[in-house]
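S.K.: Read in order, the letters of the sequence shown are residues 11 to 455 in this note's numbering.
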Amino acid sequence: MTTTTEQLSATTLLRFATAGSVDDGKSTLVGRLLHDSKSILTDQLEAVEQASLNRGQEAPDLALLTDGLRAEREQGITIDVAYRYFATTRRRFILADTPGHVQYTRNMVTGASTAELAVVLVDARNGVVEQTRRHAAVAALLRVPHVVLAVNKMDLVDYAEPVFAAIAEEFTAYAASLGVPEITAIPISALAGDNVVEPSAHMDWYGGPTVLEHLETVPVSHDLTACHARFPVQYVIRPQSAEHPDYRGYAGQIAAGVFRVGEAVSVLPSGRTTTITGIDALGESVDIAWAPQSVTIRLADDIDISRGDLIAPADDSPAVTQDVEATVCHVADQPLSVGQRVLIKHTTRTVKAIVKDIPSRLTLDDLSQHPAPGQLVANDIGRVVVRTAEPLALDAYADSRRTGSFLLIDPADGTTLSAGMAGASFAAVAEAAAPAAGDDAEWDF
Numbered sequence: 011m012t013t014t015t016e017q018l019s020a021t022t023l024l025r026f027a028t029a030g031s032v033d034d035g036k037s038t039l040v041g042r043l044l045h046d047s048k049s050i051l052t053d054q055l056e057a058v059e060q061a062s063l064n065r066g067q068e069a070p071d072l073a074l075l076t077d078g079l080r081a082e083r084e085q086g087i088t089i090d091v092a093y094r095y096f097a098t099t100r101r102r103f104i105l106a107d108t109p110g111h112v113q114y115t116r117n118m119v120t121g122a123s124t125a126e127l128a129v130v131l132v133d134a135r136n137g138v139v140e141q142t143r144r145h146a147a148v149a150a151l152l153r154v155p156h157v158v159l160a161v162n163k164m165d166l167v168d169y170a171e172p173v174f175a176a177i178a179e180e181f182t183a184y185a186a187s188l189g190v191p192e193i194t195a196i197p198i199s200a201l202a203g204d205n206v207v208e209p210s211a212h213m214d215w216y217g218g219p220t221v222l223e224h225l226e227t228v229p230v231s232h233d234l235t236a237c238h239a240r241f242p243v244q245y246v247i248r249p250q251s252a253e254h255p256d257y258r259g260y261a262g263q264i265a266a267g268v269f270r271v272g273e274a275v276s277v278l279p280s281g282r283t284t285t286i287t288g289i290d291a292l293g294e295s296v297d298i299a300w301a302p303q304s305v306t307i308r309l310a311d312d313i314d315i316s317r318g319d320l321i322a323p324a325d326d327s328p329a330v331t332q333d334v335e336a337t338v339c340h341v342a343d344q345p346l347s348v349g350q351r352v353l354i355k356h357t358t359r360t361v362k363a364i365v366k367d368i369p370s371r372l373t374l375d376d377l378s379q380h381p382a383p384g385q386l387v388a389n390d391i392g393r394v395v396v397r398t399a400e401p402l403a404l405d406a407y408a409d410s411r412r413t414g415s416f417l418l419i420d421p422a423d424g425t426t427l428s429a430g431m432a433g434a435s436f437a438a439v440a441e442a443a444a445p446a447a448g449d450d451a452e453w454d455f
């Protein structure tokens with residue numbers, strides 16, 4: 011008989027985030043998912059039951075399983091991103107439960123930046139509201155490949171199919187216009203457990219999967235070997251010992267793609283070309299290495315290479331530039347202004363920069379552009395032009411979420427100011443400007 015450990019080792023990992031407007035039931039959905047899939051410990055459930063009794067509730071409030079901050083429990087809202095890890099026999103999960111308040115939109119960016127799927131909740135009584143559109147737009151900006159629309163509180167609208175159908179149609183049209191490649195709508199009641207883990211007995215008109223069934227079966231591509239090969243250098247190894255007097259290796263984690271001994275590569279931003287003579291992994295020499303392995307690469311020529319340089323195939327290298335055009339989500343309380351001096355951190359490289367222009371700020375409720383705002387404040391999303399002191403080897407975020415992203419940092423105190431995505435903003439914009447792709451074109455994540 012296969013053990014649980016052996017079963018889990020054969021499963022895939024899905025990172026997903028929940029989002030939605032205030033009181034749409036995100037934390038209750040997550041709590042129901044954990045409870046009904048038997049992914050919580052007895053003492054955790056007992057603590058939730060006791061906390062619920064202290065608040066005068068007869069039944070356990072499953073939202074308390076994720077609302078861990080005292081302020082969250084007292085106010086009944088989600089403030090911080092709560093991460094939960096659970097598993098079934100079919101798949102392992104890392105869940106980010108993100109806040110619904112407008113002022114915490116930046117927290118959704120944090121939770122969804124590494125997600126392969128986003129669950130956007132909608133209250134069946136209210137339908138698609140401004141915050142729903144905002145979260146759909148953030149998911150599209152972050153190139154989240156799969157979006158689930160969970161129409162919650164169906165028990166409060168008598169499980170009416172027309173209500174669900176109208177909301178699903180409106181949201182699907184909006185998300186599709188942003189370039190979201192896959193949208194799945196599921197009618198649920200998180201409080202009652204309908205269509206969360208078990209199929210609902212009240213909605214025989216719905217023949218699709220439950221939330222958990224969809225999470226377990228949605229295709230997840232972790233095959234980074236098909237992506238553009240990129241190796242940011244973290245550390246230069248020079249033992250200069252009697253045993254290794256001439257050893258020079260460049261250590262780091264392969265961000266994407268495959269590297270082979272004998273392959274011609276370029277070192278950026280210098281542009282010097284050379285050949286890989288050796289790859290060391292876990293103390294052994296190997297002929298091939300792939301993402302996300304941590305390895306040491308040895309090169310044929312003694313080139314001036316330091317932390318922050320990027321090694322890439324000679325015939326498939328990213329463009330090197332000092333003028334970065336990108337979409338940023340401003341996450342700091344202090345504003346980002348034109349003329350401001352910042353640090354830009356891209357992979358392992360950090361360089362000085364200045365904000366040359368903020369051409370527009372995005373209004374997420376109707377996707378209109380507010381031209382020349384002058385500055386971005388907390389939770390704003392806008393286009394920026396940044397001039398760097400040294401060249402950066404940037405991919406477009408549409409091509410690689412790893413090497414197309416960066417952070418803007420306050421040089422005075424190290425505060426993260428903005429999270430940036432190089433290149434065009436939404437997928438539809440990027441596709442309109444790019445040549446037609448084949449049927450097998452996919453977003454790299």
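No residue lacks a Cβ here, since even glycine has one placed at the ideal position from N, Cα and C.
Reducing DSSP to helix, strand and coil, say where P197 ends up.
M.R.: By 1-based counting over the sequence shown, the position of residue 197 is 187. Residue state, collapsed to three classes: strand.
S.K.: How would you write the range of the beta strand (DSSP E) that V246 sits in, first residue to last?
M.R.: Here residue 246 is taken as the residue at index 236 of the sequence shown, counted from 1. Looking at the DSSP string, the run of the beta strand (DSSP E) that includes V246 is 245–247.
S.K.: Do V129 and V158 count as a contact pair if the criterion is CB distance below 8 Å?
M.R.: Position 148 of the sequence shown, counted from the start, is the residue given in the question as residue 158. Position 119 of the sequence shown, counted from the start, is the residue given in the question as residue 129. In this structure, V129 lies closer than 8 Å to V158 by Cβ.
S.K.: In this structure, does DSSP put Q385 in helix, strand or coil?
M.R.: Position 375 of the sequence shown, counting from 1, holds the residue named residue 385. Q385: strand per DSSP, three-state reduction.
S.K.: State the start and end residues of the unbroken alpha helix (DSSP H) segment that holds P109.
M.R.: Working through the sequence shown from its first residue, we reach residue 109 at position 99. No alpha helix (DSSP H) contains P109, which DSSP labels as neither H nor E.
S.K.: Determine the contact status of A291 and V305, defining contact as a CB-CB distance below 8 Å.
M.R.: Residue numbering aside, residue 291 sits at position 281 when the sequence shown is read from its first letter. Residue numbering aside, residue 305 sits at position 295 when the sequence shown is read from its first letter. A contact, by the Cβ cut-off of 8 Å.
S.K.: Please report how far the alpha carbon of V32 lies from the alpha carbon of A408, in whole angstroms.
M.R.: Counted from its first residue, the sequence shown places residue 32 at position 22. Counted from its first residue, the sequence shown places residue 408 at position 398. The straight-line gap from Cα to Cα measures roughly 30 Å.
S.K.: Tell me the DSSP secondary structure of Y407 in three-state form.
M.R.: Residue numbering aside, residue 407 sits at position 397 when the sequence shown is read from its first letter. Of the three classes helix, strand and coil, the one that applies to Y407 here is coil, per DSSP.
S.K.: Given a threshold of 16 other Cβ atoms within 10 Å of its Cβ, counted over all protein chains shown, does A27 qualify as buried or as exposed?
M.R.: Numbered from its first residue, the sequence shown carries residue 27 at position 17. Buried: at least 16 other Cβ atoms inside 10 Å.
S.K.: Going by DSSP, what residue range makes up the beta strand (DSSP E) through S428?
M.R.: Numbered from its first residue, the sequence shown carries residue 428 at position 418. S428 -> beta strand (DSSP E) spans 426–432.
S.K.: I'd like the ranges of any alpha helix (DSSP H) spanning at least 4 consecutive residues and lying wholly in the segment 112–165.
M.R.: 115–122, 140–151
S.K.: Give me whichever residues DSSP pairs with G288 in a beta bridge.
M.R.: Numbered from 1 along the sequence shown, position 278 holds the residue referred to as residue 288. Assignment of beta-bridge partners to G288 by DSSP yields R308.
S.K.: Quick one: using the 10 Å Cβ neighbour count with 16 as the cut-off for buried, is P109 buried or exposed?
M.R.: Within the sequence shown, numbered from 1, the residue matching residue 109 stands at position 99. It counts as buried.
S.K.: Work out the CA separation of A252 and R411 for me, nearest whole Å.
M.R.: Start at 1 with the first residue of the sequence shown, and residue 411 comes out as number 401. Start at 1 with the first residue of the sequence shown, and residue 252 comes out as number 242. Cα-Cα distance, rounded: 42 Å.
S.K.: Report the partner residues of Q379 according to the DSSP bridge assignment.
M.R.: Translated into positions along the sequence shown, residue 379 becomes position 369. L372.
S.K.: Nearest CA to the CA of V161: which residue from Y169, D133, E140, A388?
M.R.: Here the question's residue 161 lines up with position 151 in the sequence shown. Across the set Y169, D133, E140, A388, the C-alpha of D133 shows the shortest separation from the C-alpha of V161.
S.K.: Anyone know if the C-beta pair for E208 and D46 falls short of 8 Å?
M.R.: Position 198 of the sequence shown holds residue 208. Position 36 of the sequence shown holds residue 46. Yes; because the gap between Cβ atoms is below 8 Å, this pair is in contact.
S.K.: Report yes or no: do the segment 217–225 and the segment 193–209 share at least 3 C-beta pairs separated by less than 8 Å?
M.R.: yes
S.K.: Inspect the CB distances between the segment 338–358 and the segment 267–280 and report whether three or more fall short of 8 Å.
M.R.: no
S.K.: Can you give me the C-alpha to C-alpha distance between Y245 and T120, rounded to a whole angstrom?
M.R.: As a working note, residue 245 is residue 235 in the sequence shown. As a working note, residue 120 is residue 110 in the sequence shown. One C-alpha to the other measures close to 27 Å.
S.K.: Based on the DSSP secondary-structure assignment, which residues constitute the bridge partners of V361?
M.R.: Position 351 of the sequence shown, counted from the start, is the residue given in the question as residue 361. DSSP, once it has assigned bridges, lists I354 as partnering V361.
S.K.: Using alpha carbons as the reference points, say which of G267, D311, G293 lies closest to R282.
M.R.: Residue numbering aside, residue 282 sits at position 272 when the sequence shown is read from its first letter. Nearest option by C-alpha distance: D311.
S.K.: Three Cβ pairs or more, each shorter than 8 Å: is that satisfied between the segment 203–218 and the segment 36–46?
M.R.: Touching, per the Cβ criterion.
S.K.: Please name the residue or residues paired with Y184 in a DSSP beta bridge.
M.R.: Counting from one through the sequence shown, the residue named residue 184 turns up at place 174. Answer is none; Y184 lacks a bridge partner.
S.K.: So for G30, helix, strand or coil by DSSP?
M.R.: As a working mapping, residue 30 is identified with position 20 in the sequence shown. Strand, per DSSP.
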